[in-house]
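Residue numbers (the numbering used here): 1084 to 1320. For every residue, glycine included, the Cβ atom is placed at its ideal position computed from N, Cα and C.
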């Protein structure tokens, strides 16, 4: 029998109801958010300000009667230029392509694991524009290991956590942080699926350059495989 690829396995698993936010939030209450370089509205905003970006996102949710704004997988963004951690003058090597999905919702929102999991590692990544408190979980599906990363959490989320600690599908693992701890962003969850952590502990690149895109596209699978937020069907802005 031919071994299934990890993408195939996750697609099968994702046909169930999987959530990283409270499952009482209906899909109809999610609205897609475009933070790409093609969204010219962002050119009129000071996106280096977390308060300005939070106001923009809050207004977008209000205008669509939504509780969660989401999107960003493989989206090319300019918002990282505010941080020297990402900025580069060479367009081929500048890190501006987003490798996970962002779910924009209030600070202190509970975060759940979509599958049974074990804590691989955690860390407070304190660079400006970085993840802030971060948790990486390890999962096994049909004997294949992979990882999920949760960035921009609260400090409390990692204070009593232990490597090797286990969680059942749907259990709360964390809460979201605010701009004072989450890398100076409007509150949101960065959720990323990773095949090979390449030795990283408590951290993994969430943004890549055009030069490295093909590697990361293969190593960081589309979160839609698990979350089924229906990017292609979602109402656009």
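Thinking residue 1292 and residue 1259 are a contact (beta carbons under 8 Å), I'd like their distance in whole angstroms, please. About 27 Å separates the two Cβ atoms, so there is no contact after all.
Residue from 1129, 1193 and 1303 whose Cα sits closest to the Cα of residue 1106: 1193
From which residue to which residue does the alpha helix (DSSP H) around residue 1135 run? 1133–1146
Just to confirm before moving on: does the CB-CB distance between residue 1096 and residue 1232 stay below 8 Å? no
Is the separation between the beta-carbon of residue 1206 and that of residue 1289 shorter than 8 Å? no
Among 1129, 1147, 1264 and 1189, which one has its Cα closest to the Cα of residue 1161? 1129
Taking 8 Å as the cut-off, decide whether the C-beta atoms of residue 1114 and residue 1143 are in contact. yes
Check whether residue 1186 and residue 1250 have beta carbons under 8 Å apart: no
Might you give, ordered along the chain, the residues of its own chain that have their beta carbon closer than 8 Å to the beta carbon of residue 1102, omitting 5 neighbours on each side? 1195, 1197, 1253 and 1310
My output table needs one value for residue 1200: the three-state DSSP class, helix, strand or coil. strand
Do residue 1229 and residue 1089 have their C-beta atoms closer together than 8 Å? yes
Using the Cα positions of residue 1217 and residue 1303, report the straight-line distance between them to the nearest angstrom. 17 Å
What residues in its chain sit with their C-beta under 6 Å from that of residue 1112, if we drop five residues either side in the sequence? 1149 and 1150
Which residues DSSP lists as bridging residue 1215, in chain order: 1208
Under three-state DSSP, which class holds residue 1123? helix
What are the boundary residues of the alpha helix (DSSP H) that residue 1298 is part of? 1296–1302
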